[in-house]
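Numbering-wise, the sequence shown is residues 127 to 377 according to the numbering used here. Here the structure is laid out as C-alpha coordinates; the discussion comes afterwards.
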Amino acid sequence: RQRQMCIRDSSRFIVPVASFAIFFMAVFVSGQFLLQSVSEEKDSRIVEILMTMIKPENLINGKLIGLTSVVLTQLFIWISLTLIIGLVAMSKLSFNLDLDLSAMNLSSIPLNLLFTINGFLMFAAVMVGVGSVAANYKDSQNLSSIFILLAISPIYFFMTIVSDPFGVVSYIASYFPLTSPMIFIIRNSITQLPLWEIIIGIVATTFYAFISFRLAVMLFKFGALEYDKRIQFSAIRSLFFGKTKISRGKP
127 RQRQMCIRDS SRFIVPVASF AIFFMAVFVS GQFLLQSVSE EKDSRIVEIL MTMIKPENLI
187 NGKLIGLTSV VLTQLFIWIS LTLIIGLVAM SKLSFNLDLD LSAMNLSSIP LNLLFTINGF
247 LMFAAVMVGV GSVAANYKDS QNLSSIFILL AISPIYFFMT IVSDPFGVVS YIASYFPLTS
307 PMIFIIRNSI TQLPLWEIII GIVATTFYAF ISFRLAVMLF KFGALEYDKR IQFSAIRSLF
367 FGKTKISRGK P
(Lines of atoms letter the chains of each structure in order from A and count residues from 1; the text may use other names and numbers.)
(Lines give C-alpha, C1' and ligand atoms only; values in the text may rest on other atoms or scores of the structure.)
Protein backbone atom coordinates (compact mmCIF):
# COMPACT_ATOMS: atom_id res chain seq x y z
CA ARG A 1 0.00 0.00 0.00
CA GLN A 2 2.82 2.38 0.83
CA ARG A 3 4.44 1.64 -2.52
CA GLN A 4 1.18 2.42 -4.32
CA MET A 5 0.92 5.73 -2.48
CA CYS A 6 4.48 6.62 -3.51
CA ILE A 7 3.70 5.75 -7.13
CA ARG A 8 0.54 7.84 -7.01
CA ASP A 9 2.32 10.84 -5.46
CA SER A 10 5.14 10.62 -8.01
CA SER A 11 2.72 10.33 -10.92
CA ARG A 12 0.85 13.40 -9.70
CA PHE A 13 3.92 15.58 -10.36
CA ILE A 14 4.63 14.36 -13.91
CA VAL A 15 2.20 16.69 -15.69
CA PRO A 16 3.15 19.90 -13.80
CA VAL A 17 6.89 19.22 -14.11
CA ALA A 18 6.60 18.36 -17.82
CA SER A 19 4.40 21.42 -18.43
CA PHE A 20 6.92 23.61 -16.60
CA ALA A 21 9.78 22.20 -18.70
CA ILE A 22 7.88 22.85 -21.94
CA PHE A 23 7.03 26.39 -20.82
CA PHE A 24 10.65 27.06 -19.91
CA MET A 25 11.97 25.81 -23.26
CA ALA A 26 9.33 27.67 -25.27
CA VAL A 27 9.63 30.99 -23.49
CA PHE A 28 13.22 31.40 -22.36
CA VAL A 29 15.22 29.39 -24.89
CA SER A 30 13.30 30.49 -27.98
CA GLY A 31 12.67 34.01 -26.66
CA GLN A 32 16.41 34.63 -26.75
CA PHE A 33 16.33 34.11 -30.53
CA LEU A 34 13.92 37.03 -30.88
CA LEU A 35 16.03 39.19 -28.56
CA GLN A 36 19.12 38.41 -30.63
CA SER A 37 17.26 39.06 -33.89
CA VAL A 38 16.06 42.53 -32.84
CA SER A 39 19.47 43.48 -31.40
CA GLU A 40 21.40 42.34 -34.47
CA GLU A 41 19.02 44.11 -36.86
CA LYS A 42 19.45 47.27 -34.82
CA ASP A 43 23.26 46.98 -34.74
CA SER A 44 23.51 46.32 -38.48
CA ARG A 45 21.07 49.15 -39.37
CA ILE A 46 18.78 46.69 -41.14
CA VAL A 47 15.86 47.85 -39.01
CA GLU A 48 16.23 51.35 -40.47
CA ILE A 49 15.58 49.95 -43.96
CA LEU A 50 12.71 47.77 -42.74
CA MET A 51 10.95 50.67 -41.04
CA THR A 52 10.89 52.64 -44.28
CA MET A 53 8.94 49.84 -45.94
CA ILE A 54 6.70 48.44 -43.24
CA LYS A 55 4.91 49.66 -40.13
CA PRO A 56 6.51 48.69 -36.79
CA GLU A 57 3.30 46.91 -35.74
CA ASN A 58 3.38 44.71 -38.84
CA LEU A 59 7.09 44.04 -38.42
CA ILE A 60 6.67 42.88 -34.82
CA ASN A 61 3.54 40.90 -35.74
CA GLY A 62 5.52 39.08 -38.40
CA LYS A 63 8.33 38.30 -35.97
CA LEU A 64 5.95 36.99 -33.31
CA ILE A 65 3.88 34.89 -35.73
CA GLY A 66 6.99 33.44 -37.40
CA LEU A 67 8.75 32.65 -34.13
CA THR A 68 5.57 31.20 -32.59
CA SER A 69 5.27 28.82 -35.54
CA VAL A 70 8.91 27.81 -35.16
CA VAL A 71 8.52 27.26 -31.41
CA LEU A 72 5.40 25.12 -31.81
CA THR A 73 7.19 23.04 -34.44
CA GLN A 74 10.21 22.65 -32.15
CA LEU A 75 8.05 21.61 -29.23
CA PHE A 76 6.22 19.05 -31.35
CA ILE A 77 9.54 17.56 -32.53
CA TRP A 78 11.08 17.55 -29.04
CA ILE A 79 8.04 15.96 -27.41
CA SER A 80 7.67 13.37 -30.20
CA LEU A 81 11.36 12.40 -30.06
CA THR A 82 11.27 12.21 -26.26
CA LEU A 83 8.27 9.88 -26.32
CA ILE A 84 9.74 7.71 -29.09
CA ILE A 85 13.14 7.41 -27.40
CA GLY A 86 11.48 6.68 -24.05
CA LEU A 87 9.25 3.96 -25.49
CA VAL A 88 12.13 2.37 -27.39
CA ALA A 89 14.39 2.45 -24.34
CA MET A 90 11.70 0.89 -22.15
CA SER A 91 11.06 -1.90 -24.66
CA LYS A 92 14.72 -2.65 -25.36
CA LEU A 93 15.99 -2.41 -21.80
CA SER A 94 12.90 -4.02 -20.26
CA PHE A 95 12.66 -1.02 -18.00
CA ASN A 96 9.44 -1.07 -16.01
CA LEU A 97 8.22 2.41 -15.14
CA ASP A 98 5.44 2.32 -12.56
CA LEU A 99 2.93 5.06 -13.24
CA ASP A 100 -0.56 5.73 -12.00
CA LEU A 101 -2.39 7.31 -14.92
CA SER A 102 -5.41 8.03 -12.74
CA ALA A 103 -3.26 10.38 -10.63
CA MET A 104 -2.20 12.40 -13.68
CA ASN A 105 -4.34 15.36 -14.61
CA LEU A 106 -4.08 14.70 -18.36
CA SER A 107 -7.17 16.84 -19.06
CA SER A 108 -5.14 19.90 -18.03
CA ILE A 109 -2.75 19.61 -20.99
CA PRO A 110 -4.82 21.58 -23.59
CA LEU A 111 -5.31 24.48 -21.17
CA ASN A 112 -1.63 24.35 -20.22
CA LEU A 113 -0.72 24.73 -23.89
CA LEU A 114 -2.94 27.81 -24.11
CA PHE A 115 -1.26 29.35 -21.07
CA THR A 116 2.12 28.47 -22.58
CA ILE A 117 1.28 30.24 -25.85
CA ASN A 118 0.03 33.34 -24.01
CA GLY A 119 3.12 33.33 -21.82
CA PHE A 120 5.37 32.93 -24.82
CA LEU A 121 3.71 35.84 -26.66
CA MET A 122 4.05 38.03 -23.58
CA PHE A 123 7.73 37.29 -23.05
CA ALA A 124 8.47 37.48 -26.78
CA ALA A 125 7.02 41.00 -26.76
CA VAL A 126 9.13 41.81 -23.69
CA MET A 127 12.23 40.63 -25.57
CA VAL A 128 11.35 42.87 -28.53
CA GLY A 129 11.01 45.86 -26.22
CA VAL A 130 14.27 45.07 -24.41
CA GLY A 131 16.16 44.56 -27.67
CA SER A 132 14.82 47.86 -28.97
CA VAL A 133 15.94 50.07 -26.10
CA ALA A 134 19.28 48.37 -25.38
CA ALA A 135 22.41 49.80 -26.97
CA ASN A 136 23.67 46.38 -28.13
CA TYR A 137 23.06 42.66 -27.74
CA LYS A 138 25.18 42.38 -24.60
CA ASP A 139 23.21 45.13 -22.88
CA SER A 140 19.93 43.59 -23.99
CA GLN A 141 20.96 40.25 -22.42
CA ASN A 142 21.76 41.97 -19.13
CA LEU A 143 18.45 43.82 -19.14
CA SER A 144 16.40 40.78 -20.14
CA SER A 145 17.89 38.76 -17.27
CA ILE A 146 15.85 40.89 -14.85
CA PHE A 147 12.59 39.78 -16.46
CA ILE A 148 13.76 36.18 -16.72
CA LEU A 149 14.63 36.02 -13.02
CA LEU A 150 11.22 37.41 -12.11
CA ALA A 151 9.52 34.94 -14.44
CA ILE A 152 11.26 31.87 -13.02
CA SER A 153 10.81 33.02 -9.41
CA PRO A 154 7.90 30.53 -8.94
CA ILE A 155 10.56 27.80 -8.77
CA TYR A 156 11.49 29.02 -5.31
CA PHE A 157 7.96 28.57 -3.94
CA PHE A 158 6.92 25.67 -6.16
CA MET A 159 6.20 23.37 -3.22
CA THR A 160 4.14 26.09 -1.51
CA ILE A 161 1.91 26.31 -4.57
CA VAL A 162 1.66 22.53 -4.90
CA SER A 163 0.74 22.05 -1.23
CA ASP A 164 -1.76 24.93 -1.22
CA PRO A 165 -2.87 25.83 -4.78
CA PHE A 166 -5.64 28.08 -3.42
CA GLY A 167 -3.51 29.88 -0.85
CA VAL A 168 -2.61 33.57 -0.71
CA VAL A 169 0.79 33.07 -2.38
CA SER A 170 -0.79 31.11 -5.22
CA TYR A 171 -3.43 33.76 -5.85
CA ILE A 172 -0.98 36.68 -5.76
CA ALA A 173 1.47 34.95 -8.10
CA SER A 174 -1.36 33.89 -10.41
CA TYR A 175 -2.22 37.49 -11.25
CA PHE A 176 1.24 39.05 -11.26
CA PRO A 177 1.94 39.52 -15.00
CA LEU A 178 5.41 37.96 -15.22
CA THR A 179 4.51 34.88 -13.17
CA SER A 180 0.86 34.47 -14.16
CA PRO A 181 1.22 31.95 -17.05
CA MET A 182 3.59 29.65 -15.17
CA ILE A 183 1.54 29.68 -11.95
CA PHE A 184 -1.69 28.92 -13.78
CA ILE A 185 0.06 26.02 -15.53
CA ILE A 186 1.24 24.57 -12.21
CA ARG A 187 -2.09 25.07 -10.43
CA ASN A 188 -4.10 23.74 -13.36
CA SER A 189 -1.90 20.64 -13.47
CA ILE A 190 -2.22 19.64 -9.83
CA THR A 191 -5.83 20.52 -9.08
CA GLN A 192 -9.18 21.23 -10.70
CA LEU A 193 -9.55 24.99 -10.97
CA PRO A 194 -13.09 26.41 -10.82
CA LEU A 195 -14.53 27.50 -14.16
CA TRP A 196 -14.59 31.18 -13.20
CA GLU A 197 -10.87 31.14 -12.41
CA ILE A 198 -10.04 29.34 -15.64
CA ILE A 199 -11.88 32.06 -17.57
CA ILE A 200 -10.20 34.83 -15.59
CA GLY A 201 -6.82 33.15 -16.07
CA ILE A 202 -7.26 32.96 -19.85
CA VAL A 203 -8.47 36.57 -20.01
CA ALA A 204 -5.66 37.79 -17.73
CA THR A 205 -2.81 36.07 -19.59
CA THR A 206 -4.25 37.15 -22.95
CA PHE A 207 -4.55 40.73 -21.66
CA TYR A 208 -0.95 40.68 -20.39
CA ALA A 209 0.24 39.45 -23.79
CA PHE A 210 -1.70 42.23 -25.54
CA ILE A 211 -0.37 44.96 -23.23
CA SER A 212 3.17 43.61 -23.63
CA PHE A 213 2.77 43.80 -27.40
CA ARG A 214 1.55 47.41 -27.28
CA LEU A 215 4.44 48.40 -25.01
CA ALA A 216 6.88 46.55 -27.28
CA VAL A 217 5.60 48.51 -30.30
CA MET A 218 6.07 51.81 -28.44
CA LEU A 219 9.59 50.89 -27.33
CA PHE A 220 10.46 49.61 -30.80
CA LYS A 221 9.38 52.89 -32.43
CA PHE A 222 11.27 54.84 -29.80
CA GLY A 223 14.51 52.92 -29.50
CA ALA A 224 15.04 50.93 -32.71
CA LEU A 225 16.83 53.83 -34.43
CA GLU A 226 18.89 54.86 -31.40
CA TYR A 227 22.25 53.36 -32.34
CA ASP A 228 25.03 52.77 -29.79
CA LYS A 229 23.15 54.83 -27.24
CA ARG A 230 21.89 53.71 -23.88
CA ILE A 231 18.38 55.04 -23.42
CA GLN A 232 17.78 56.45 -19.96
CA PHE A 233 14.87 55.32 -17.82
CA SER A 234 13.64 58.93 -17.64
CA ALA A 235 13.24 58.96 -21.43
CA ILE A 236 11.18 55.74 -21.34
CA ARG A 237 9.05 57.16 -18.54
CA SER A 238 8.45 60.29 -20.59
CA LEU A 239 7.46 58.10 -23.52
CA PHE A 240 4.74 56.33 -21.52
CA PHE A 241 3.42 59.62 -20.15
CA GLY A 242 3.18 61.12 -23.63
CA LYS A 243 5.98 63.66 -23.30
CA THR A 244 8.22 62.11 -25.93
CA LYS A 245 7.41 61.91 -29.60
CA ILE A 246 8.11 58.67 -31.38
CA SER A 247 8.94 58.23 -35.01
CA ARG A 248 6.82 56.08 -37.22
CA GLY A 249 7.93 53.99 -40.13
CA LYS A 250 6.49 54.74 -43.48
CA PRO A 251 3.77 52.32 -44.55
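From the three backbone atoms N, C-alpha and C, an ideal C-beta is built for every residue, glycine too.
Query	Result
If you run the structure through DSSP and keep just helix, strand and coil, what is Thr-317?	coil
By the three-class DSSP mapping on this structure, what secondary structure does Leu-304 have?	coil
Residue range of the alpha helix (DSSP H) that Ser-270 falls in?	263-277
Which value, in whole angstroms, describes the spacing of the CA atoms of Thr-242 and Ala-152?	8 Å
Hey, out of Thr-178, Glu-174 and Leu-160, whose CA is closest to Asn-187's CA?	Leu-160
If I measure Cβ to Cβ from Phe-273 and keep anything under 6 Å in the same chain, skipping five residues before and after, which residues do I get?	Val-252
Take the Cβ of Phe-249 as the centre, count every other Cβ of all protein chains shown within 10 Å, and call the residue buried at 16 or more, exposed below.	buried
Under 8 Å, with one C-beta from each stretch per pair, do the region 273-292 and the region 191-202 reach the 3-pair mark?	no
Given a threshold of 16 other Cβ atoms within 10 Å of its Cβ, counted over all protein chains shown, does Tyr-282 qualify as buried or as exposed?	exposed
In the structure shown, what three-state DSSP assignment does Ser-169 receive?	In the sequence on display, residue 169 carries Asp and not Ser. Helix, per DSSP.
Whose CA, out of Pro-182, Thr-178 and Leu-176, lies closest to the CA of Phe-398?	Limits of the chain in this structure are 127 at one end and 377 at the other, which puts residue 398 out of reach.
With H, G and I counted as helix, E and B as strand and the rest as coil, what does DSSP make of Thr-378?	This structure gives no information on residue 378, because the portion of the chain shown stretches from 127 to 377.
Please state whether the Cβ-Cβ distance between Leu-345 and Gly-255 is less than 8 Å.	yes
Measure the beta-carbon distance from Pro-307 to Asn-244 and round it to whole angstroms, keeping in mind my assumption that it falls under 8 Å.	6 Å
Quick one: give me the first and last residue of the alpha helix (DSSP H) that Pro-142 is part of.	140-150
Nearest CA to the CA of Val-141: which residue from Tyr-263, Ile-316 and Gly-293?	Ile-316
How many Å lie between Lys-189 and Ser-258 at the Cα?	14 Å
Residues in its own chain within less than 8 Å of Thr-194 by CB, not counting five upstream and five downstream?	Ile-243, Phe-246, Leu-247 and Ala-250
Where does Gly-293 fall in DSSP's three states?	coil
Can you tell me the Cα-Cα spacing of Leu-207 and Thr-305, whole angstroms?	29 Å
Round the Cβ separation of Asn-314 and Leu-237 to the nearest angstrom and send it over; I've been treating them as touching at under 8 Å.	6 Å
Let me confirm a value: Gly-293 is counted as buried when at least 16 other C-beta atoms fall within 10 Å, else exposed. Which label applies?	exposed
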